[in-house]
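Undergrad: Position in the first sequence (first residue = 1) + 720 = the working numbering.
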Amino acid sequence: MDNPALMKAAKSGALLPIYILDDETAGEAAMGGASRWWLYEALKDLDQQLEGHLRLYRGAAEDILPEVAKLYGASTISWTRCYEPWRTRRDRRISETLDQIGVTTIRLNGSLLWEPWEVLKKDGEPYRVFTPYYRKGCLQVEAPARPMTEKPDCRFCKAKAGDGALALNDLALVSPVGWHDMLEPHWDVSEQGAQKALSVFLEHGLDGYKAGRDFPARTNTSRLSPYLHWGQISPNQIWYALEGDAQMETCDAPDADIDHFRSELAWREFSYNLLYHNPELPRVALQSKFDGFEWVDDEAQLERWQKGATGIPIVDAGMRELWQTGYMHNRVRMIVASFLIKNLRIDWRKGEAWFWDTLVDADLASNSASWQWVAGCGADAAPYFRVFNPALQAEKFDPKGDYIRQYVPELARLPQKHLAKPWEAPEAVLSEAGVALGKDYPLPMVDLKKSRAAALEAYQALS
DNA sequence: TGAAATGTTGGGGCG
DNA sequence: ACGCCCCAACATTTC
């Protein structure tokens, strides 16, 4: 448990652990469906670890906290610092309010290796390009804090009747039956689950990570993103676990793999850096010339993408993985995003919104920074003309077709040669594999070559 | 953390 | 032996 805010509170006296579900202040930034399910499970786990002492609330934190503080006579309230713009603003207001009634507030970093204001260029400006941000910035300032290894020694204060706390189910995070039932078998939503995922990765994924991370059918990725997002593991714990410290997990993977994995952790930091210094990142293109881009507004097409019925196997496999598990392999995220933005020319914000609703690792910083990256409108973005060819990508990164076959089973019997673009397969091959295109599996919703050309033309019109 | 079009080179077949 | 053509295989440029 690497939670500085909890540790601080546990050391300063009797403890009243609180979680507030604050949709009211979040407004449009309120968390999506997959997140709510994960949160529901995570709160259950947390409450167990806190021996049933977790108090739950629902509403505007700036109204609730002062009330609770008064009722319990709290002297200090500490919490983990957040970086979403709406939370940053709210937390500042809360500190002011509590200060006025004599309650000390302490905000501590429990989720980033480096604070966004600590990694700046020599001229004091924030970095906008990843590589110098990481190499000249992060790696040259003070090393990340060592994770805390001792469990906080909690002495809880007695709950008071009428303190307004709710039962977990009253937070209405999940309905009794629903989509989340599908997610459940894929995840162990607990801190223990996070540690398990870390050791599985260190043992089986890290060796060969650098090359293997691009292949969705391999098990070289860590799948730690949801745990990181929800604070069930800290980036510091991961960072130092890679060192093979005597007290921590040992690790003997090649340096190139370790360095590359660390740089991926740093991409997360970079996203937070961008969001902190550009609060409009989730809604506004960093390159203003994209303001005039003419996006295609087509709900029916968007829905085909969302449901994994585009007729492009690698795209559909990715979108179905997302729907079934609340997760998608990173390489495939880039492919489906490129397809939506470039081949369909649908606004990146529509894709961002779908990911926000369906990913269990939905994270405002990473999600918005990454969508802008693919769209080519971000700070250090892929140039707009870098259009993925999803069929080529499939042949390159799913060479045996295992990933496509898993999530698009109706094509499972197609020979490898035709799996990436079934629309080019001879009729005899299709019927041999039991596939009637347009019936068992859709015809491609766009022509890849034509839609690529149309995208280039549309982008060209900008400048 | 592309892809496609275009340019260059060099080996082998062949008259 | 020689030049010519063809075309992989690579390299460079363009979008």
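The beta carbon of each residue, even a glycine, is placed where N, CA and C say it ideally should be.
According to DSSP, residue 834 sits in a beta bridge with which residue or residues?
TA: None, per the DSSP bridge assignment.
Undergrad: Within 10 Å of its beta-carbon, does residue 821 have 16 or more other beta-carbons around it, so buried, or fewer, so exposed?
TA: Its Cβ having fewer than 16 others within 10 Å, residue 821 is exposed.
Undergrad: Which word fits residue 761, buried or exposed, when buried means at least 16 other C-beta atoms lie within 10 angstroms of its C-beta?
TA: Classification of residue 761: buried, given that the 10 Å Cβ count is 16 or more.
Undergrad: Just verifying my parser: in three-state terms, what is the DSSP assignment at residue 840?
TA: Strand at residue 840.
Undergrad: Determine the closest residue to residue 837 out of 794, 1062 and 993, with distance taken between C-alpha atoms.
TA: Comparing Cα positions, the closest option is 993.
Undergrad: Could you tell me the distance, in whole angstroms, from the CA atom of residue 1092 to the CA atom of residue 1070?
TA: So the two alpha carbons sit approximately 12 Å from each other.
Undergrad: Note down the Cα distance separating residue 872 from residue 824, rounded to an integer number of angstroms.
TA: Each residue's Cα considered, the two are about 20 Å apart.
Undergrad: Going by beta carbon distance, what residues of the same chain come within less than 8 Å of residue 1178, once the five residues before and after it are set aside?
TA: Excluding sequence neighbours, residue 1178 sits near 1013, 1014 and 1065.
Undergrad: Can you tell me the Cα-Cα spacing of residue 889 and residue 946, whole angstroms?
TA: So the two alpha carbons sit approximately 22 Å from each other.
Undergrad: With which residues is residue 826 paired in a DSSP beta bridge?
TA: Its beta-bridge partners are 798.
Undergrad: Who are the Cβ neighbours of residue 1085 in its own chain at under 6 Å, not counting the five residues just before and after it?
TA: Hits under 6 Å: 991, 992 and 995.
Undergrad: Determine whether the beta carbon atoms of residue 1101 and residue 1163 lie at a separation below 9 Å.
TA: No; because the gap between Cβ atoms is not below 9 Å, this pair is not in contact.
Undergrad: Can you have a look at residue 881 and say buried or exposed, based on whether 16 or more other CB atoms are within 10 angstroms of its CB?
TA: Classification of residue 881: exposed, given that the 10 Å Cβ count is below 16.
Undergrad: Note down, in chain order, each residue of its chain lying with its Cβ closer than 6 Å to the Cβ of residue 921, except the 5 sequence neighbours on either side.
TA: The residues are 942.
Undergrad: Assess contact between the stretch 1125-1144 and the stretch 1071-1082, defined as three or more Cβ pairs (one per stretch) separated by less than 8 Å. Is contact present?
TA: Touching, no.
Undergrad: Please say whether residue 830 and residue 974 have beta carbons closer to each other than 9 Å?
TA: Not closer than 9 Å, so no.
Undergrad: Can you list, in chain order, the residues of its chain whose CB lies under 6 Å from that of residue 798, leaving out five sequence neighbours each side?
TA: Excluding sequence neighbours, residue 798 sits near 725, 728, 729 and 826.
Undergrad: Where does residue 1172 sit, in a helix, a strand or coil, going by DSSP?
TA: Helix at residue 1172.
Undergrad: Say whether the stretch 952-964 touches the stretch 857-867, bearing in mind that this needs 3 or more beta-carbon pairs closer than 8 Å, one atom from each stretch.
TA: In short, these stretches touch, since the Cβ pair count reaches three.
Undergrad: What do you reckon, are the CB atoms on residue 1160 and residue 954 nearer than 9 Å?
TA: In this structure, residue 954 does not lie closer than 9 Å to residue 1160 by Cβ.
Undergrad: Buried or exposed for residue 1141, please, with buried defined as at least 16 other CB atoms from any protein chain shown within 10 angstroms of its CB.
TA: By the 10 Å Cβ count, residue 1141 comes out buried.
Undergrad: On the criterion of 16 or more Cβ atoms from any shown chain inside 10 Å, does residue 919 qualify as buried, or is it exposed?
TA: Per the 10 Å Cβ criterion, exposed.
Undergrad: Could you have a look at residue 1179 and say whether DSSP puts it in helix, strand or coil?
TA: Helix, per DSSP.
Undergrad: Considering only C-alpha positions, which residue in the set 1010, 845 and 1150 is nearest to residue 1098?
TA: For the residues 1010, 845 and 1150, the minimum Cα distance to residue 1098 belongs to 1010.
Undergrad: Within its chain, find whatever has a CB closer than 8 Å to the CB of residue 967; leave out the 5 residues flanking it on each side and keep chain order.
TA: Because the pLDDT at residue 967 is just 48, under 50, the model does not fix this residue reliably, and the value given afterwards should be weighed accordingly. Result list for residue 967: 869, in chain order.
Undergrad: Measure the CB-CB distance between residue 773 and residue 876 and report whether it falls below 9 Å.
TA: Their beta carbons are under 9 Å apart, which means residue 773 touches residue 876 by this criterion.
Undergrad: On the DSSP bridge assignment, give the partners of residue 778 in chain order.
TA: BP columns for residue 778 point to 741.
Undergrad: Alpha carbon to alpha carbon, how far is residue 1052 from residue 930? Give it in angstroms, no decimals.
TA: So the two alpha carbons sit approximately 16 Å from each other.
Undergrad: Give the single residue among 1047, 1109 and 816 whose Cα lies nearest to the Cα of residue 1062.
TA: Comparing Cα positions, the closest option is 1109.
Undergrad: Report yes if the CB atom of residue 1128 is closer than 9 Å to the CB atom of residue 1046, and no otherwise.
TA: Against a cut-off of 9 Å, the Cβ pair of residue 1046 and residue 1128 comes out as no contact.
Undergrad: Strictly by DSSP, which residues pair up with residue 1142?
TA: Looking at the DSSP assignment, residue 1142 forms no beta bridge with any residue, so it has no partner.
Undergrad: Relative to the C-alpha of residue 1067, which candidate in 904, 1022 and 944 has its C-alpha closest?
TA: When each option's Cα is compared against that of residue 1067, the closest is 1022.
Undergrad: On the three-state DSSP scale, how would you describe residue 1161?
TA: If DSSP states are grouped into helix, strand and coil, residue 1161 belongs with the strands.
Undergrad: Where does residue 966 fall in DSSP's three states?
TA: Because residue 966 carries a pLDDT of 46, less than 50, the predicted location of this residue cannot be relied on, and no value is offered for it.
Undergrad: Is residue 891 closer than 9 Å to residue 741 when the C-beta atoms are compared?
TA: In contact: residue 741 and residue 891 (Cβ atoms closer than 9 Å).
Undergrad: Can you name the start and end residues of the alpha helix (DSSP H) that residue 941 belongs to?
TA: Careful: residue 941 lies outside any alpha helix (DSSP H) and carries neither H nor E.
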